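To start, the structure under review is shown below, and the notes come after it.
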Ligand SMILES: *Cc1c(COP(=O)(O)O)cnc(C)c1O
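In our numbering, the protein residues as written are 727 to 1185.
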């Protein structure tokens, strides 16, 4: 445990896991838990700020979908971040966390009239997704000046990264105005000519799997277009460029790779004018700020063999590791094994599948991994799960959301834990399943219309 190769991140994580086990927060009564390294999150924010230091004003926003937990959002708000939201729920979470409207950016491909009215009324920055939405906002404004910036999302169509589902800049992506389609650039320029309130361009090339040169190429296309628009209008109408998020995360060891500094270096090389201060830059990173600070801990309930394969049955499956379970080649996770007292396990190894509790055969978080021999009562940890894992619950099998704790460690290795989110109770699961309407269908059959008639269906 005290080997010199142990990183500070790993030491803190091991200490937090052992503390959670010691306090019974992870154990027989609570077999699944999420843990978040608060110092790790704050270090990521610092690294982001440092990388972008320079003449250009920058507003860093956190993409709420990566971890929409209110205490996490509040921590980031206190650290000076803004917040990118893309649904009414994320918007309310961000406001509840204390972000003022001027620190929010509202992105979503399906914003309703009501949502747009709210954003316009509160001066929240909006990125419009398409020309229909642009005309809708023009009607809502009815000649008024919006108090927040309004941008148009463009799809530079630079192609996909390693994971198709994460790539938003493909030829046929559902996001933004597809810039390379015939006439699209002219239509964008025309939109800026016709709408004096339009003053930003937005491009988010993709998330995990998009290499830095691809991201830089996409942002470069948005920058070139901004230059063209401003040239055409004869003044700097476009004052802000929202360059999205999507810095990939290294899931294979404890290093941050690539870093924000690598990202900025790639962008500076490809698009030097971007940083000269003529544009306010907005970023929307999610995964890269949180992923490496999160851990899922689960008690091993049983171990068994099937067809010569060892299997450890845990409580962490598709409900907390949805992408890993459904696309294991794209989202492999590192696995750690601890004993029932929360100490890292050493000694002989075996090749084992790590299974979750869901009732389908593919509910595996790792397959054929060589790991220390696992026994019932041990704890299995899934690393780098701070973004899009325990915070993005999938309610398969009506499994409840696990509790999430934040942790900090001091120089002596002392750990302090804080509850971020309570575990969902089974009672709450039942209540969210229509409990209040338990009789609805039986009553419909008892006194509703006869089969085959539509009588009385309309109220
Ligand atoms: C998901 C998303 C982000 C964040 O992506 P990460 O890969 O988590 O950094 C940023 N902007 C938009 C528009 C997104 O949809």
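Note that CB positions come from ideal geometry on N, CA and C, so glycine has one too. Keep in mind the model is a prediction, meaning the values are calculated, not measured.
Worksheet item: Hey, would you say residue 762 sits closer than 8 angstroms to residue 798, going by beta carbons?
Response: yes
Item to complete: Measuring alpha carbon to alpha carbon, tell me which of 1106, 873 and 946 ends up nearest residue 743.
Response: It is 1106 whose Cα lies nearest to the Cα of residue 743.
Discussion item. Using only the alpha-carbon positions, how far apart do residue 960 and residue 919 sit?
Written reply: 11 angstroms
Worksheet item: Quick one, which of 1068, 881, 1132 and 1026 has its alpha-carbon nearest residue 1082's?
Response: 1026
Worksheet item: Quick one: what does DSSP say residue 1103 is sitting in, helix, strand or coil?
Response: Looking at residue 1103 - three-state DSSP - the assignment turns out to be coil, as it is neither helix nor strand.
Discussion item. Quick check on the burial criterion: 16 or more other C-beta atoms within 10 angstroms. Buried or exposed for residue 1191?
Written reply: Only positions 727 to 1185 of the chain appear in this structure, which leaves residue 1191 out of reach.
Discussion item. Quick check: is any heavy atom of ligand 1 less than 7 angstroms from the C-beta of residue 883?
Written reply: no
Worksheet item: Helix, strand or coil: which one does DSSP assign to residue 1171?
Response: helix
Item to complete: Decide if residue 1117 is buried, meaning its Cβ has at least 16 other Cβ atoms within 10 Å, or exposed.
Response: buried
Worksheet item: Any heavy atom of ligand 1 within a distance shorter than 7 angstroms of the CB on residue 1011?
Response: yes
Item to complete: Would you grab the beta carbon distance between residue 1128 and residue 877 for me? Rounded to a whole angstrom, and I think it's under 8 angstroms.
Response: So it is not a contact: roughly 37 angstroms between Cβ atoms.
Worksheet item: What is the rounded straight-line gap between the Cα of residue 1164 and the Cα of residue 1158?
Response: 11 angstroms
Worksheet entry | Nearest-angstrom Cβ-Cβ length linking residue 938 and residue 988, presumed shorter than 8 angstroms | 7 angstroms
Discussion item. Is residue 837 near ligand 1 - that is, is its Cβ less than 7 angstroms away from at least one heavy atom of it?
Written reply: no
Discussion item. So for residue 848, helix, strand or coil by DSSP?
Written reply: In the structure shown, residue 848 sits in a helix (DSSP, three-state: H, G or I).
Worksheet item: Are residue 1104 and residue 1063 closer than 8 angstroms when you measure CB to CB?
Response: yes
Discussion item. In this structure, how does DSSP classify residue 1114 when only helix, strand and coil are distinguished?
Written reply: coil
Item to complete: Enumerate in chain order the residues of its own chain whose CB-to-CB distance from residue 1135 is below 6 angstroms, with the five nearest sequence positions on each side excluded.
Response: 738, 741 and 1141
Worksheet item: How far does the alpha helix (DSSP H) with residue 744 in it reach, from first residue to last?
Response: 734-748
Worksheet item: residue 955: buried (16+ other C-beta within 10 angstroms of its C-beta) or exposed?
Response: Residue 955 sits buried, since 16 or more C-beta atoms from the chains shown fall within 10 Å of its C-beta.
Discussion item. Following a CB-centred definition, is residue 1151 positioned closer than 7 angstroms to any heavy atom of ligand 1?
Written reply: no
Practice prompt. Assign residue 778 to one of three DSSP states: helix, strand, or coil.
Written response: coil
Discussion item. At the level of alpha carbons, what is the spacing between residue 888 and residue 934?
Written reply: 8 angstroms
Discussion item. Once the 5 residues before and after residue 841 are set aside, which same chain residues still bring their CB inside 8 angstroms of it?
Written reply: 814, 817, 832 and 834
Worksheet item: In chain order, which continuous runs of the alpha helix (DSSP H) of length 4 or greater are located wholly inside the region 1014-1088?
Response: 1048-1052
Discussion item. Quick check: what's the CA-CA separation for residue 863 versus residue 969?
Written reply: 22 angstroms
Worksheet entry | DSSP state of residue 1109 mapped onto helix, strand, coil | strand
Worksheet entry | Identity of the residue in 1039, 1101, 1119 and 1120 nearest residue 1092 by Cα | 1039
Discussion item. Under DSSP, the beta strand (DSSP E) around residue 881 begins and ends at which residues?
Written reply: 876-881
Discussion item. Using only the alpha-carbon positions, how far apart do residue 964 and residue 905 sit?
Written reply: 17 angstroms
Worksheet entry | Option in 800, 885 and 848 with minimal Cα separation from residue 874 | 848
Worksheet item: Bridge partners of residue 893, per DSSP?
Response: 932
Worksheet entry | Continuous beta strand (DSSP E) stretch holding residue 785: start and end | 784-789
Worksheet item: Whole-angstrom Cβ separation of residue 1016 and residue 792, contact assumed at under 8 angstroms?
Response: 6 angstroms
Worksheet entry | Exposure label - residue 728; buried when at least 16 CB within 10 Å | Confidence at residue 728 is low in this model, with a pLDDT of 46, below 50, so the placement of that residue is unreliable and no value is reported for it.
Worksheet item: Any heavy atom of ligand 1 within a distance shorter than 7 angstroms of the CB on residue 864?
Response: no
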